[in-house]
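In full-length UniProt numbering, the protein residues as written are 1 to 1052.
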């Protein structure tokens, strides 16, 4: 073949769209020019969140989704209008700019990184073939119809289908970029295309008709036509963009490019999610905004009244201020009182959540050893940290989540008889049935052989293959068009058709030719398979299911040559259909999967994960309801529930009706038991749908009062519906946890999603808010990190609003004695620094390092979590309580300032200090009183907290001393020399001591009464831990003393 260089040209003439159209043009293979003018998408990669033009609009829209940000932006605009503002613009504009630029920098940094990766992907070089002439082009040049000569190790630049391979081995691709799975997957060239030589393909006029691009990786339909022949492609022949070729070089055709590839269509835009704390904060900000508005209206009205009352006082020169007085005073007081909504709160909260996520990542209890090294928890949504503390329901998958997903074949049932792993004691007349079962295990699967080990997306298949191998039927290799078996001699089994497993089908089948026999082997769930067998044939799996084993019914059907020849025509016709292919194929498959004979039933054991029993016990004792949602039948679910002790001591209540009447009767019976005795509700997914639609109130009562709920026979979409039902019916926060792709809908439908890296891949983990490696990690994630995040974040919000109320409400009280003339009591810089630095450091350190209980204490006494759920920490009333406490302190501080400055002659040399001295007094003891109040809220002191408080107080005195040392350091020059004057007065120190005592006394008294008269659970645990520690230390000291006495005696 000739090989020549190619000058890259962009395909700007192509139709570019983010959304696929309702039809997809016909593809002409090997003809780039013909496809260039069709409505195909260019192959440029777009994973960036913004474009050059959309960035300012999208960025601002996201920032304005928070009510507080809107308020701060509007208020900053007001401060920039000198005619109506009472403060300098810098006190609001600089902090706001810092916040916005920090967010802007973060967004730009992430998007620039994505853009660089997109450019690298666009510029990657590939060889394409145009009727035997090879050209080297950039990936962005490719269009549907281009034939790519993909080399081993290369990344698929678009969605491709294989046309030719030089070997009969399967094509292996690694899809780690798509689903995180390292194990290679097999791609198969259609059997009809395997018979066509490469030279024929290069000479023929070939067209392809494909589905409209869609994001479903499990759905692909295409028909290739050459001469009069049609070849159908499905998802087993699709090599998605991002896959890496691990086998030999192949020739493949491009079908989807750019924004129309499966990977691009699955690229989800990051959505902004607000946790419960964020929503409560928004509500609280709205309430405080109304307070600000009320203060502004009240003061502006009073300013107008005072203006007309003193209008005759010529020395006040009020004539110049008469115009629009009310409006000016309104905005002046609005800008002053807007400090009640702290701009620092949003910044501090984001910092706190980021730090809490780091603590989770650094937690050694989450670390596990994997083949890639030591791994820990992955936090994908820091906004949900405190949402974990609100969780009252845990919805968990069974297989791979509660269990190891490491399957072991333990036996089977043949003709009603139970046999072990090696078929001991089997009657001779069952030998043929045994061989058929072993062949079904060895042929009906989707596994490959890697380094002598079986690898399959389903661990059940690996266990069955190992069992077949031990009993003499060994699967050796999968090839294009068939499989190699050893039984006991090696033989090639032709694969005529494959009907893969799906959640809807709940079974998988293969049609094979073994010698002269054509046989259909099928395996699946008993409730499906028994309905496909001949009349009178039935397989009872209860003997295995009641032991908690996973069961699969195996069947077969002998097919004659004539029947196959007739059927295969319909099969090929169905495969070459685009519109309505699924329905047509279902009908064709249904014809083959009928009138089958029962072979037997296999039983596979899946052991519980380490720590599952302890974790579930801890969650239940902590007041969290557990719902186990599984696709297994009821007997298996109950057996597993008993094995993990969830159903221990429970009286089982079954709701499995198919009609509203049946479900209603069962719910009536169940309602007599729930709430009276410990009950376990066993319900099927279909029954839940009926109950929610027809018997909602009765189901709500039973579901909420049942101690444990087992949902059986649940499909993926049903799992999602169950999660939505729980949220809607209970109005509580629910957490969903799973490990497989079938759990993703449930994880996305819950309040918080947790994924487990498991044997079924990492799709669930990659889709979740938090990703862990073992189910036992869930207890610490929810009951410790969730608890601490909730406590710390709510404390942060309360304390920041409290400290602003304590300081800035002085301006209202001061206005009352200044005839509502919008005079200020502080310098602008002191207000801004108080808001951002002096009193923000302690709450931030509390949100980092304070804790009421250690994980060791919580794990021993999980009941403390019930108190957290019952009290609804962080509700609006608790925030308003602290705001009122700040109001009390502001009144108290202001009254003290009036009392101590009433005589106005305070300096020892007889000079007066005026408003400057009063400002120094109230600024100092307000700051110290607020910091002292912070100290009373600390649950447990440590070195880092002490350091934070020292930094806070030191920064205040250092900054105030600096401003007091230079004239003109602030706009009003109110701070100059004020601190030095105050410190020369003995009454200043007395004032500070009295102010601090009066500030902290109410909270100290409240805490004292609470701890010693009506202590909370966490306080009781603290006291118990302290007494236990003291007792242990006492015993150790006594033992050490006794040892010393004995040594002294022996020496004497």
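We treat Cβ as the ideally placed atom computed from N, Cα and C, and that holds for glycine.
Predicted model, so just to flag it, every value in this text is computed and none were measured.
* How about residue 423 and residue 471: are their beta carbons less than 8 Å apart? -> Annotated as proximal: residue 423 and residue 471, with beta-carbon spacing under 8 Å.
* When the Cα of residue 550 is compared with those of 602, 210, 769, which residue comes out closest? -> Ranking the options by Cα distance to residue 550, first place goes to 602.
* Asked: What three-state label does DSSP hand residue 691 in the structure shown?
  -> Reduced to three states, the DSSP call for residue 691 is helix.
* Are residue 994 and residue 896 touching if we call contact CB-CB under 8 Å? -> Cβ distance < 8 Å, so residue 994 and residue 896 count as in contact.
* Mind pulling the beta strand (DSSP E) runs of 3 or more residues that sit fully within the region 638-682? -> Those beta strand (DSSP E) runs which fall completely within the region 638-682 and span 3+ residues are 651-655.
* Return the first residue and the last residue of the alpha helix (DSSP H) that residue 745 is part of. => It spans 744-749 - the alpha helix (DSSP H) in which residue 745 sits, taken as one unbroken run.
* Which residues mark the beginning and the end of the beta strand (DSSP E) in which residue 870 is found? -> Residue 870 -> not in any beta strand (DSSP E); alpha helix (DSSP H) instead, spanning 864-871.
* In terms of residue numbering, what span does the beta strand (DSSP E) encompassing residue 557 cover? -> Counting along the chain, the beta strand (DSSP E) containing residue 557 begins and ends at 550-559.
* Asked: So what's residue 986 in DSSP terms, helix, strand or just coil?
  -> Helix.
* **Best match in 604, 475, 206 for proximity to residue 34 [C-alpha to C-alpha]** => Each of 604, 475, 206 was checked against the Cα of residue 34, and the nearest Cα belongs to 206.
* **Cross-strand partners of residue 523 (DSSP beta bridge)** => As a beta-bridge residue in DSSP terms, residue 523 pairs with 508, 554.
* Asked: Nearest-angstrom Cα distance between residue 242 and residue 587?
  -> So the alpha carbons of these two residues sit roughly 34 Å apart.
* Relative to the ligand ADP, is the shortest distance from any of its heavy atoms to the C-beta of residue 932 smaller than 7 Å? -> Ligands in the displayed structure: none, and consequently the ligand ADP is not present.
* Asked: If we call anything under 8 Å between Cβ atoms a contact, is residue 930 one with residue 806?
  -> Cβ atoms of residue 930 and residue 806: closer than 8 Å.
* Asked: Does the separation of the CB atoms of residue 67 and residue 352 fall below 8 Å?
  -> Cβ atoms of residue 67 and residue 352: not closer than 8 Å.
* **6 Å CB neighbourhood of residue 557 in its chain, flanking five on each side removed** => Cβ within range, chain order: 520, 596.
* To do: Taking the CB atoms as reference points, tell me whether residue 231 and residue 147 lie closer together than 8 Å.
  => No, the pair does not count as a contact, with Cβ atoms beyond the cut-off.
* List in chain order: all unbroken beta strand (DSSP E) runs of 3+ residues lying wholly within the UniProt domain "P-type ATPase A" (123-263). => If we require 3 residues or more, the beta strand (DSSP E) runs fully inside the UniProt domain "P-type ATPase A" (123-263) come out as 125-130, 133-138, 147-150, 159-165, 171-174, 185-187, 206-210, 222-226, 229-233, 250-256.
* By how many angstroms is the C-alpha of residue 387 removed from the C-alpha of residue 1017? -> Those two C-alpha atoms are separated by around 21 Å.
* To do: Determine the extent of the alpha helix (DSSP H) in which residue 543 is found, giving its start and end residues.
  => Start and end: 542-545.
* Where the beta strand (DSSP E) containing residue 497 begins and where it ends -> For residue 497, the enclosing beta strand (DSSP E) has its first and last residue at 490-499.
* For residue 518 and residue 496, believed in contact at Cβ under 8 Å, the rounded distance -> Sure, about 7 Å apart at Cβ, within 8 Å.
* To do: Determine the contact status of residue 660 and residue 694, defining contact as a CB-CB distance below 8 Å.
  => Yes.
* **Beta-carbon proximity check, residue 251 vs residue 149, cutoff 8 Å** => The criterion of a C-beta distance shorter than 8 Å is satisfied by residue 251 and residue 149.
* Asked: If residue 685 sits next to residue 713, beta carbons under 8 Å apart, how far is it from one beta carbon to the other, in whole angstroms?
  -> About 5 Å; that satisfies the 8 Å criterion.
* Asked: Taking Cβ to Cβ, would you say residue 644 is nearer than 8 Å to residue 613?
  -> Residue 644 is a Cβ neighbour of residue 613, given a cutoff of 8 Å.
* To do: Throw me the rounded Cβ distance for the residue 756 and residue 739 pair, which I believe falls under 8 Å.
  => Between residue 756 and residue 739, the beta carbon gap of about 4 Å places them in contact (Cβ cut-off 8 Å).
* **Cβ neighbours of residue 414 in the same chain (closer than 6 Å, five flanking residues each side left out)** => These residues qualify, in order along the chain: 430, 433, 600.
* Asked: Would residue 823 pass as a contact of residue 917 if the rule is Cβ separation under 8 Å?
  -> Against a cut-off of 8 Å, the Cβ pair of residue 917 and residue 823 comes out as no contact.
* Just list the alpha helix (DSSP H) runs in the region 750-837, keeping only unbroken ones of 4 residues or longer that don't cross its boundaries, in chain order. => Counting only runs of 4+ residues, the alpha helix (DSSP H) found wholly inside the region 750-837 occupies 763-767, 777-780, 787-808, 810-817, 828-833, in chain order.
* Would you identify the three-state DSSP class for residue 431, choosing helix, strand or coil? => Three-state DSSP puts residue 431 in a helix.
* Is DSSP giving residue 40 helix, strand or coil here? -> Judged by DSSP in its simplified three-state form, residue 40 adopts coil rather than helix or strand.
* To the nearest angstrom, how far is it from the Cα of residue 396 to the Cα of residue 341? -> Using only the alpha carbons, I get a separation of about 41 Å.
* Asked: Which value, in whole angstroms, describes the spacing of the CA atoms of residue 236 and residue 63?
  -> When rounded, the separation of the alpha-carbon atoms in residue 236 and residue 63 is 44 Å.
* Can you have a look at residue 1111 and say buried or exposed, based on whether 16 or more other CB atoms are within 10 angstroms of its CB? => Given that the chain is displayed from residue 1 to residue 1052, the structure contains no residue 1111 and the question cannot be resolved.
* To do: Pair every Cβ in the region 149-168 with every Cβ in the region 48-57, then say whether three or more of these pairs are closer than 8 Å.
  => No contact exists between the region 149-168 and the region 48-57.
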